[in-house]
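Peer 1: After the structure tokens below, expect a handful of questions from me.
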Ligand SMILES: Nc1ncnc2c1ncn2[C@@H]1O[C@H](COP(=O)(O)OP(=O)(O)OP(=O)(O)O)[C@@H](O)[C@H]1O
Ligand SMILES: [Mg+2]
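Numbering (the numbering used here), first residue to last: 314 to 606.
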């Protein structure tokens with residue numbers, strides 16, 4: 314399994330002004346999964362994505378990414394885990410503006426001790442895969458929105474992640490371009506078995522996933538409780554291993570550590586439920602880079 318989360322809480326800020334963005338979220342993402350995360354603005358979707366991607370840490374709860382409990386990792390170890398396991402695609406691309414497409418894509422490989430020449434070759438190959446082999450030396454401002462997003466996807470893929478987290482990847486694109494980006498992500502899921510977790514406001518997009526996680530006020534509300542949401546068993550489970558475990562409705566396996574909500578074998582003990590101690594691994598650029606052009 315790629316990720317297991319049990320009772321995740323994320324509280325921002327201290328004292329009276331604090332916001333509890335996640336209030337006990339449990340889920341599992343399996344290898345090859347394709348999950349859509351939906352819910353109203355402010356319901357905690359991006360906060361959850363940042364945690365699942367190791368960009369931020371929970372205030373409480375247990376989070377296991379690629380078999381490693383993030384609570385046991387220091388910042389450098391978490392960064393390495395992220396680099397080795399996860400690719401991130403944001404709504405506003407987050408490309409370096411003065412840097413060519415190929416060098417943007419090659420960047421995550423810098424931390425791997427790979428030679429510059431080889432990094433460029435690998436990056437060029439991935440850019441070819443997303444249909445941008447002819448735009449290697451263009452800077453972001455010389456690319457269309459859809460092309461920039463494909464560069465961002467290539468950058469997320471160049472490290473060969475097992476999990477791709479995409480937070481409204483089509484939010485800044487027109488519908489045709491958005492569709493081609495979405496199709497690209499889905500092909501990667503099917504062809505390469507990369508697990509895909511996608512935040513979207515678009516119901517039709519969400520319905521294409523193997524299952525949906527519906528968030529409201531910092532919690533997951535079960536798909537069954539939401540009119541129109543698809544239940545996992547309706548959907549073709551495609552090539553993924555066992556995508557349905559996580560929704561927690563599988564009462565047949567009460568002991569399975571991978572279960573959804575209730576399972577919760579190894580909760581992290583009493584380490585305080587408040588935002589008290591570890592409050593601020595500050596997600597520096599994390600949540601608010603919105604401005605993107
Ligand atoms: N760094 C932060 N400091 C304080 N509060 C925050 C911070 N980031 C998010 N929040 C608050 O946490 C809640 C959840 O935010 P989050 O960004 O996860 O929502 P979202 O579901 O992604 O919304 P949207 O659909 O608008 O992107 C919101 O009420 C938000 O104001
Ligand atoms: Mg968001």
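Quick reminder that beta carbons are idealized off the backbone N, C-alpha and C, glycines included.
Compute the beta-carbon to beta-carbon distance between residue 456 and residue 414, rounded to the nearest angstrom, for a pair I have assumed lies under 8 Å.
Peer 2: Rounded, the Cβ-Cβ distance is 7 Å, consistent with contact.
Peer 1: Pull every residue with its beta-carbon under 5 Å away from any heavy atom of ligand 1, and keep them in chain order.
Peer 2: Residues flagged by the Cβ proximity filter: 325, 332, 334, 354, 355, 356, 357, 358, 359, 360 and 600.
Peer 1: Determine the contact status of residue 476 and residue 349, defining contact as a CB-CB distance below 8 Å.
Peer 2: Against a cut-off of 8 Å, the Cβ pair of residue 349 and residue 476 comes out as no contact.
Peer 1: Does the separation of the CB atoms of residue 474 and residue 398 fall below 8 Å?
Peer 2: Result yes, Cβ atoms of residue 474 and residue 398 sit closer than 8 Å.
Peer 1: Candidates 364, 532, 463 and 332: which alpha carbon is nearest residue 405's?
Peer 2: The shortest Cα separation from residue 405 among 364, 532, 463 and 332 belongs to 463.
Peer 1: Could you check whether the Cβ of residue 369 sits closer than 7 Å to any heavy atom belonging to ligand 2?
Peer 2: Answer for residue 369: no, Cβ out of range of ligand 2.
Peer 1: Quick one, which of 364, 340, 412 and 327 has its alpha-carbon nearest residue 480's?
Peer 2: The option with the nearest alpha carbon to residue 480 is 364.
Peer 1: Using C-beta distances below 8 Å, list every residue in its chain close to residue 386, excluding the 5 sequence neighbours before and after it, in chain order.
Peer 2: Here the set comprises 394.
Peer 1: Residue 526 lies in the beta strand (DSSP E); which residues open and close that run?
Peer 2: First-last of the beta strand (DSSP E) with residue 526: 524 to 529.
Peer 1: What are the boundary residues of the alpha helix (DSSP H) that residue 359 is part of?
Peer 2: Residue 359 -> alpha helix (DSSP H) spans 358 to 365.
Peer 1: Could you say which of 347, 325 and 334 lies nearest to residue 505 if we only look at CA atoms?
Peer 2: Of the candidates 347, 325 and 334, the one whose C-alpha sits nearest the C-alpha of residue 505 is 347.
Peer 1: Put residue 332 into one of helix, strand or coil per three-state DSSP.
Peer 2: If DSSP states are grouped into helix, strand and coil, residue 332 belongs with the strands.
Peer 1: CA-CA distance, residue 458 and residue 500?
Peer 2: So the two alpha carbons sit approximately 20 Å from each other.
Peer 1: Going along the chain, which residues of its own chain have a beta-carbon closer than 7 Å to the beta-carbon of residue 468, five neighbours each way excluded?
Peer 2: Once the five neighbours on either side are set aside, the close Cβ partners of residue 468 are 417, 418, 420 and 421.
Peer 1: Going by the CB atoms, is the gap between residue 351 and residue 519 shorter than 8 Å?
Peer 2: Yes, Cβ-Cβ distance for residue 519 and residue 351 is below 8 Å.
Peer 1: As a quick exercise: from 498, 531, 529 and 514, pick the residue whose alpha carbon is nearest that of residue 345.
Peer 2: Out of 498, 531, 529 and 514, 498 has the C-alpha closest to the C-alpha of residue 345.
Peer 1: What number of angstroms, rounded off, separates the C-alpha of residue 356 from the C-alpha of residue 320?
Peer 2: Straight-line Cα distance between these residues: approximately 16 Å.
Peer 1: Decide if residue 502 is buried, meaning its Cβ has at least 16 other Cβ atoms within 10 Å, or exposed.
Peer 2: Burial call: buried.
Peer 1: Given the structure, does residue 480 come close to ligand 2, in the sense that its CB is under 7 Å from one of the ligand's heavy atoms?
Peer 2: The answer is yes for residue 480.
Peer 1: Residue 337 to residue 322, Cα distance in whole Å?
Peer 2: Taking the straight line from one Cα to the other gives about 5 Å.
Peer 1: Quick one: Cα of residue 490 to Cα of residue 353, how far?
Peer 2: The alpha-carbon atoms of residue 490 and residue 353 are separated by roughly 24 Å.
Peer 1: How big is the Cα-Cα spacing for residue 342 and residue 526?
Peer 2: Rounded to the nearest angstrom, the two C-alpha atoms are 11 Å apart.
Peer 1: Starting from residue 376, trace the alpha helix (DSSP H) in both directions and tell me its first and last residue.
Peer 2: Unbroken run through residue 376 is the beta strand (DSSP E), 373 to 378; no alpha helix (DSSP H).
Peer 1: Would you report the Cα separation of residue 439 and residue 330, rounded to the nearest angstrom?
Peer 2: Straight-line Cα distance between these residues: approximately 44 Å.
Peer 1: My understanding is that residue 443 touches residue 466, with C-beta atoms under 8 Å, so please give their C-beta distance in whole angstroms.
Peer 2: Yes, they are in contact, since the Cβ atoms of residue 443 and residue 466 sit about 6 Å apart, within 8 Å.
Peer 1: Taking DSSP as the reference, what is the three-state secondary structure of residue 337?
Peer 2: Residue state, collapsed to three classes: strand.
Peer 1: Could you compute how far the alpha carbon of residue 514 sits from the alpha carbon of residue 384?
Peer 2: Rounded to the nearest angstrom, the two C-alpha atoms are 31 Å apart.
Peer 1: Name the DSSP beta bridge partners of residue 400, please?
Peer 2: BP columns for residue 400 point to 477.
Peer 1: Counting along the chain, where does the beta strand (DSSP E) carrying residue 439 start and finish?
Peer 2: Here residue 439 belongs to no beta strand (DSSP E); instead the alpha helix (DSSP H) covers 429 to 442.
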